[in-house]
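Asker: Before I ask anything, let me first share the structure, which is written out below as structure tokens.
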Amino acid sequence: MEGDWLKILLVAVLTFLINIPFGYWRSKVRKLSKEWFLAVHLPVPFIVFFRILFGVKLNLYTLAIFVISFFVGQRVGIVLNNLLMGKLGETSKNLFGDLLRLVQNHGR
Numbered sequence: 001m002e003g004d005w006l007k008i009l010l011v012a013v014l015t016f017l018i019n020i021p022f023g024y025w026r027s028k029v030r031k032l033s034k035e036w037f038l039a040v041h042l043p044v045p046f047i048v049f050f051r052i053l054f055g056v057k058l059n060l061y062t063l064a065i066f067v068i069s070f071f072v073g074q075r076v077g078i079v080l081n082n083l084l085m086g087k088l089g090e091t092s093k094n095l096f097g098d099l100l101r102l103v104q105n106h107g108r
């Protein structure tokens, strides 16, 4: 039973982390556009893969945990975009590119 909790936690953390760059991307596109739809739905196959890989069964309890992790990750991506916009002036749709630009600007 304890191993199940660790697996559920691992998949929830991965779900959260995977969604951060997608939330960042989503914050830069028009709501309900094709890109917005992709930013919301592209992470799903990765999450399903991790759930299957770690043998986590899907039930109402785990579904609730993963949905919360999903949307919190998306929200953190949006917040990161807002924070980086304050530091960089303008941001792109790419979290990793903007973080690299921030690091490069910091050295100047």
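Per full-length UniProt numbering, the sequence shown runs over residues 1 to 108. For every residue, glycine included, the Cβ atom is placed at its ideal position computed from N, Cα and C.
Between which two residues does the alpha helix (DSSP H) harbouring Leu-53 extend?
Answerer: 43 to 53
Asker: Apart from the five residues on each side of it in sequence, which residues of its chain come closer than 8 Å, Cβ to Cβ, to Met-85?
Answerer: Thr-91
Asker: Report the option in Thr-15, Ile-8, His-41 and Lys-34 whose CA atom is closest to the CA atom of Phe-54.
Answerer: Ile-8
Asker: How about the stretch 71 to 83 and the stretch 8 to 24: do they share at least three Cβ pairs that are nearer than 8 Å?
Answerer: yes
Asker: Tell me the rounded alpha-carbon separation between Lys-28 and Gly-89.
Answerer: 14 Å
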